[in-house]
Amino acid sequence: MVNLIWAGLFLIGILYAFINGTMEEVNKAIFTGAEEAVAVCIGLLSVLIFWLGLMKIAQKSGLLDLLGKGFKPIASKLFPEVPPEHPAMGYILSNMMANMFGLGNAATPMGIKAMEELKKLNNMKDSASRSMITLLALNTSSLTLIPTSVIAIRMKYGSVSPTEIVGTTIAATACSTIGAILIDRFFYRRSKGRNST
Amino acid sequence: MNASIWIIPLMIGFILAYGTWKRVPTYETFVEGGKEGLSIAVSIVPYLVGMMVAISVFRASGAMAFLSSLLKVPLEALGIPTEIVPLALIRPISGTGALAMTTDIISTYGPDSFIGRLASTMQGSTDTTLYVITVYFGAIGIKRMGNALKVGLLADVVGMAAAVVFVTIVFG
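This is how it looks when you write it as structure tokens:
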């Protein structure tokens, strides 16, 4: 699926540029796109090193396990295949926490660690397990409580009340997160039903 | 807003204090974990380069704008302002693109206009699905991603629809 989408973006783009006469922009986009991607990775490099270093301390000191215990009831509902004592649980929880506080930079490294642990639970297969999709759904719907970058933009453009959108943002986020969980469940049930018949 | 300045330093302080109390060799452990971060970041590079070049080609060709012009009529019928359509389309595929577009909308229509508020809410309430999938699955080498993309994109639709509904109710 990802192969089709990826090649499709290129092919449609190039074909459309041919019709539309935007080949020059496409040429530029190829190089700026690659440059931008590397810039994003360099940005990620610093946060990944810093937060994973710190999280290692949290893990070795037992802090992650402690966190895992507190939120066990909710998390084990969402991730029934993950044993509560497994390190994956601790990472999943710290990923959710960081997302909630709007610390996207801190959330990514923890989410990746959680994914790594989930892969171990899935016998190192290269296909996505159900827990992985659930974690991904939680992250793409971004459970944010404080949308800091948006507030900053609104301030810059002289909003009378930059934070007035926090309420609607939380409400919309809650919907997309609950939606993500339900959609995830729906697809899982459907594929399970198909496999058993 | 002010509280968020405290969260990160407090978190770092707490982790270090707890680690020291539990006699974890903090600095060495930090370096050990940091090395893992380094190798993860390096392994993501090709995934991101591939995806972001594809997306910028798609956008630069004008195919993106064409797609949003196709969706204008059905969305306007649902009471969704046309100006927001490009943002709704780009939000799941490009984080920097969406942020640029939100900034553009806010500067054009004003942060306190209906469209400005709607753009703010949309920008804040969903994340860049394609980026999240690329980074997370790229880092651990997942090749068959099952329903992940479908779930993520459908959740984005739910989130955006919810943004339109709530902004209309609260500020409409």
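Sequence order for the protein chains is G and C.
The letter at position 111 of the first sequence is residue 112 when you use the working numbering, and the numbering goes up by one with no holes.
The letter at position 134 of the second sequence is residue 1330 when you use the working numbering, and the numbering goes up by one with no holes.
The beta carbon of each residue, even a glycine, is placed where N, CA and C say it ideally should be.
Beta-carbon gap between Pro1270 (chain C) and Ile1311 (chain C) smaller than 8 Å: no
If the criterion is Cβ atoms closer than 8 Å, does the pair Leu1350 (chain C) and Ile113 (chain G) meet it? no
Just curious, the alpha helix (DSSP H) that Leu1350 (chain C) is in, first and last residue? Ala1344 to Phe1367
Mind checking who Arg1340 (chain C) pairs with in its DSSP beta bridge? G:Ser128
Anticipated Cβ contact below 8 Å, Asp127 (chain G) with Lys1218 (chain C), distance rounded: Wrong, their Cβ atoms sit about 36 Å apart, outside the cutoff.
Using a Cβ-Cβ distance under 8 Å, would Ile1251 (chain C) count as near chain G? yes
Am I right that Ser1257 (chain C) and Thr23 (chain G) are in contact with their C-beta atoms under 8 Å? What's the rounded C-beta distance? 5 Å
Taking the Cβ atom as the reference point for each residue, do Gly159 (chain G) and Pro1242 (chain C) lie within a distance shorter than 8 Å? no
By alpha-carbon positions, which one of C:Leu1274, C:Ser1309 and C:Arg1287 ends up nearest to Glu165 (chain G)? C:Ser1309
So with CB distances below 8 Å, who are the chain G contacts of Lys1339 (chain C)? Asp127 and Ser128
When the cut-off is 8 Å and only beta carbons count, does Asp1352 (chain C) lie next to chain G? yes
How long is the line joining the alpha carbons of Phe1254 (chain C) and Ala1296 (chain C), rounded to whole angstroms? 16 Å
Distance between Pro163 (chain G) and Thr199 (chain G) (C-alpha atoms, nearest Å): Residue 199 (chain G) is absent from the structure shown; chain G starts at 2 and stops at 198.
If we cut at 8 Å on Cβ distances, does Phe1254 (chain C) have a partner in chain G? yes
Which chain C residues sit within Cβ distance under 9 Å of Leu5 (chain G)? Here the premise fails: no neighbours, minimum Cβ distance about 11 Å.
Tell me the rounded alpha-carbon separation between Gly1209 (chain C) and Val41 (chain G). 27 Å
Under a three-way DSSP split, which group does Ser142 (chain G) fall into? coil
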